[in-house]
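Structure first, then comments.
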Amino acid sequence: MKEQIPPTLRPEQVVPVSLQSLIDNLGLQLVHGDADTLVTGISMNTADLRNGDLFVAMPGLKTHGANFAGKAIELGAVAIVSDADGLAILGELDVPTLLLERPRHHLGSLAAFVYGNFPDVMPKLFGTTGTNGKTSTSYILEAILRQLGEVTGLTSTAERHIAGEVIVSRLTTPESTEMQALIARMREKNVTSVAVEVSAQALSQLRVDGLIFDVAGFTNLSHDHLDDYAGMGEYLAAKAELFQPSRAHRGVVSLDSEFGEKFLELSQIPTVTVSIRDDVNADYRVRVTEELPGQTHFEILTPSGSVIRSHLPIIGAHMASNAGLAVAMLIQAGFAEQRIAAAIAEGIQSYLPGRTEMVSSPGAPAIYVDFGHSPDAFLNTLRAVRKVTTGKVLMLFGADGDRDATKRPAMASVAVENSDILIITDHHPRFEDPASIRATLLVSAKAARPDAEIYEVSPPEAAIVKAVSLVKPGDAILWAGPGHQDYRDIRGVRTPYSARALARQALKDAGW
Numbered sequence: 000m001k002e003q004i005p006p007t008l009r010p011e012q013v014v015p016v017s018l019q020s021l022i023d024n025l026g027l028q029l030v031h032g033d034a035d036t037l038v039t040g041i042s043m044n045t046a047d048l049r050n051g052d053l054f055v056a057m058p059g060l061k062t063h064g065a066n067f068a069g070k071a072i073e074l075g076a077v078a079i080v081s082d083a084d085g086l087a088i089l090g091e092l093d094v095p096t097l098l099l100e101r102p103r104h105h106l107g108s109l110a111a112f113v114y115g116n117f118p119d120v121m122p123k124l125f126g127t128t129g130t131n132g133k134t135s136t137s138y139i140l141e142a143i144l145r146q147l148g149e150v151t152g153l154t155s156t157a158e159r160h161i162a163g164e165v166i167v168s169r170l171t172t173p174e175s176t177e178m179q180a181l182i183a184r185m186r187e188k189n190v191t192s193v194a195v196e197v198s199a200q201a202l203s204q205l206r207v208d209g210l211i212f213d214v215a216g217f218t219n220l221s222h223d224h225l226d227d228y229a230g231m232g233e234y235l236a237a238k239a240e241l242f243q244p245s246r247a248h249r250g251v252v253s254l255d256s257e258f259g260e261k262f263l264e265l266s267q268i269p270t271v272t273v274s275i276r277d278d279v280n281a282d283y284r285v286r287v288t289e290e291l292p293g294q295t296h297f298e299i300l301t302p303s304g305s306v307i308r309s310h311l312p313i314i315g316a317h318m319a320s321n322a323g324l325a326v327a328m329l330i331q332a333g334f335a336e337q338r339i340a341a342a343i344a345e346g347i348q349s350y351l352p353g354r355t356e357m358v359s360s361p362g363a364p365a366i367y368v369d370f371g372h373s374p375d376a377f378l379n380t381l382r383a384v385r386k387v388t389t390g391k392v393l394m395l396f397g398a399d400g401d402r403d404a405t406k407r408p409a410m411a412s413v414a415v416e417n418s419d420i421l422i423i424t425d426h427h428p429r430f431e432d433p434a435s436i437r438a439t440l441l442v443s444a445k446a447a448r449p450d451a452e453i454y455e456v457s458p459p460e461a462a463i464v465k466a467v468s469l470v471k472p473g474d475a476i477l478w479a480g481p482g483h484q485d486y487r488d489i490r491g492v493r494t495p496y497s498a499r500a501l502a503r504q505a506l507k508d509a510g511w
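Residue numbers (numbering that gives the first Met the number 0): 0 to 511.
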C-alpha cells in the first residue's frame, strides 16, 4: 500500500508579500525580474509547493535544489531564491530570481516574514526537548493550558492540534517552512498558546529557526540517536541549543537524569530547575503521592512554598515528573500558581496517545502500548507497570532498523532484567534484516539473564497473540515501540499496522 503522508498545514488566508519587502528586510539581492512580484507562501520542496510560492533552492546531500526549479515553476512558484552555486545552475528564468547565500540558515526567518509571524502577534510558545518525555510533557502542557482557558495548539511526534482540530504529524518537529505555516494557521484560528516538541535533530537542522520560545523545557538525556551524533556530549550540546537567547527567553531544566546538571551549565538564559529526586537540590520539587492502575497522583512544591496537587490519567512516576516540568514552565511564563492549582485540582485532563496507553478492558490481562524505544524509556515504563501489577509483567518489543544500533544491547538487558517474561519481535526493520536485529537482542537478553523466559516471535502480529497466551488476569503486557503509530516501515514502505488494534483483537480472540 502506498504511504499516506499527512498534508502540510498552511493558513487559509495569507497577506501577499512583495519581493521588495524581502529584499529590504532580509538582505536578499534581486538578480533578475520584477521586485514587485507578490508571494503567498514559501517552499523548499516541490512536493509541498503551491501556486504563488517562493521556492528556496538549497544545496542538498546529493544534489542542489536549483535542479528542481523548473518543476517548481510548473507547479506555480512565482520566484526562486538560491545561493551563487544555485544561480549558476538556474540560468535565465521566466520568474524573478534572488541571491541569498547559505539559504538554509535564513529559511526560518524568510518563512516567518512571508507568513507574518512577527513577535508582536505570536501566541505564547513552549518548547520541550530531551530524549524521553518530550511528547508527554507537550500534551500535559497543552491540557493544563486548555484548563486555564487558553486556546491551544500543539505540534508533536504524534499529532498537530489547532484549536481543537487534530491532524496526524509528519515529523516530530517539521521543517521551518512548515512550522511557520503551522503557526500562522494557529494564529488564524485564534490560538493563544502552543506546546512544541523540539528534537535535537530539529535544532541541528535549523527547523525551529525564526521562533523564539517564551519558555523552553528540558526533560532528560539518555542513550539514543548516536547514529546522528558522535557521542553523548555532542548530543547534549545539540539539545542545549534550545536554551540560547536567540531561541528562548526562559528555561526549566529537570535534574532527574545524570545529564541535568551538565545541561543546566550550558543554559544561556534565566533557568530554574525541577526534580522528583530527593538527592538533588531543585527549585521545584515533585512527589508522587499515589499510584493506581489508571492514575498517578502527585504534588509540586514551588519555590514560593506553595503546594500544587493534581493527578494524571496515566501511570508512572516519570509522568508526574513531566507534569512538574510542565507546571514549572507555565509559572515561568507568568501564569499564577494559585490559578494553575485551581485549574488542575481535579486532575489534568490529558490523553497521551501511545504513552503507556492501556488498551485492555477491565477483567482482562492488562496490555499497555508504549512509544518508548530507548533503554531509559524501557526502565521507567517497566517500573511504572510493575508498581500497578499484582501478577507477572511480560515485555514485548523490537528494535528500529537503520537507526542507532549501539543502544540495542542495553534495550534488551533492561527489558529482560525488569520483566518476568520477554518476547522479542520486529518493529520498523526498514532496510535491515529483521532476523539479524532480533538475533542481537536475543544474545544480549540471554547474556543479561541466562535463566529468563525468553521467546522470539515474528512477525509482531503473531508475537502479541503469543504474549496474550502467556498471561492471565492480574498480569500485564508492555508492548514497547509502536505506541500511537499506524504503520511499520518495511523496506521503505509504510505498511498499515496498529499495535493497539492488534492487542485488542488478540484479547478478543483469547476470550477476553
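Note that beta-carbon positions come from the ideal geometry of N, C-alpha and C, so glycine has one too.
Give the straight-line distance between the Cα atoms of residue i and residue j, rounded to the nearest whole angstrom.
i, j, result
"glycine 491", "tyrosine 138", "29 Å"
"histidine 224", "tyrosine 234", "For histidine 224, the predicted model reports a pLDDT of 47, less than 50, meaning its position is unreliable; a value from the coordinates is still stated below. Those two C-alpha atoms are separated by around 8 Å."
"alanine 365", "aspartate 432", "31 Å"
"serine 108", "valine 415", "48 Å"
"alanine 316", "arginine 276", "10 Å"
"asparagine 379", "leucine 27", "50 Å"
"isoleucine 182", "lysine 188", "10 Å"
"proline 15", "isoleucine 41", "11 Å"
"leucine 501", "histidine 426", "14 Å"
"alanine 335", "aspartate 52", "43 Å"
"asparagine 280", "leucine 329", "20 Å"
"glutamate 260", "arginine 499", "37 Å"
"glutamate 177", "alanine 162", "18 Å"
"asparagine 417", "proline 292", "18 Å"
"serine 266", "phenylalanine 242", "5 Å"
"valine 287", "valine 326", "15 Å"
"methionine 0", "serine 497", "Residue placement at methionine 0 is poorly supported in this model, since its pLDDT is 33, which falls under 50; the coordinates still yield a value, given next. About 15 Å."
"arginine 487", "aspartate 33", "48 Å"
"arginine 184", "threonine 156", "19 Å"
"phenylalanine 212", "methionine 57", "26 Å"
"leucine 381", "tyrosine 350", "20 Å"
"glutamine 504", "asparagine 116", "46 Å"
"proline 244", "valine 271", "15 Å"
I'd like to know whether the C-beta atoms of residue i and residue j end up nearer to each other than 8 Å.
i, j, result
"leucine 506", "serine 359", "yes"
"phenylalanine 396", "glycine 480", "yes"
"leucine 300", "serine 274", "no"
"proline 102", "arginine 186", "no"
"glutamate 290", "isoleucine 314", "yes"
"glycine 346", "tyrosine 283", "no"
"isoleucine 143", "isoleucine 436", "no"
"leucine 18", "threonine 36", "yes"
"valine 197", "valine 207", "yes"
"glycine 216", "valine 193", "no"
"isoleucine 422", "alanine 466", "yes"
"glutamate 455", "leucine 441", "yes"
"leucine 202", "phenylalanine 112", "no"
"asparagine 131", "aspartate 375", "yes"
"leucine 393", "aspartate 369", "no"
Would residue i be called buried (16 or more neighbouring beta carbons within 10 Å of its own) or exposed?
i, result
"glycine 304", "exposed"
"glutamine 527", "With the chain running from 0 to 511 in the structure shown, residue 527 is simply not present."
"threonine 494", "exposed"
"arginine 145", "buried"
"alanine 446", "exposed"
"aspartate 23", "exposed"
"asparagine 520", "Residue 520 falls outside the range modelled here, since the chain spans only 0 to 511, and no answer is possible."
"glycine 148", "exposed"
"alanine 434", "exposed"
"lysine 406", "buried"
"serine 320", "buried"
"aspartate 399", "buried"
"glutamine 12", "exposed"
"glutamine 515", "No information on residue 515 is available, as it lies outside the stretch 0 to 511 that the chain covers here."
"histidine 104", "exposed"
"glutamate 356", "buried"
"glycine 362", "exposed"
From the DSSP output, which residues share a beta bridge with residue i?
i, result
"alanine 479", "Asp369 and Phe396"
"leucine 153", "His160 and Ala194"
"arginine 487", "Thr494"
"histidine 248", "In the DSSP output, where bridge partners are listed per residue, histidine 248 has none listed."
"lysine 123", "Ser192"
"alanine 215", "Gly126 and Gly250"
"proline 58", "His63"
Hey, would you say the C-beta of residue i is under 7 Å away from at least one heavy atom of the ligand ADP?
i, result
"glycine 315", "What this structure holds is no ligand at all, so the ligand ADP is not there to describe."
Take every Cβ of the segment 64-83, pair it with every Cβ of the segment 93-112, and state whether three or more of those distances are shorter than 8 Å.
With a cut-off of 8 Å on Cβ pairs, the segment 64-83 is in contact with the segment 93-112, counting three or more such pairs.
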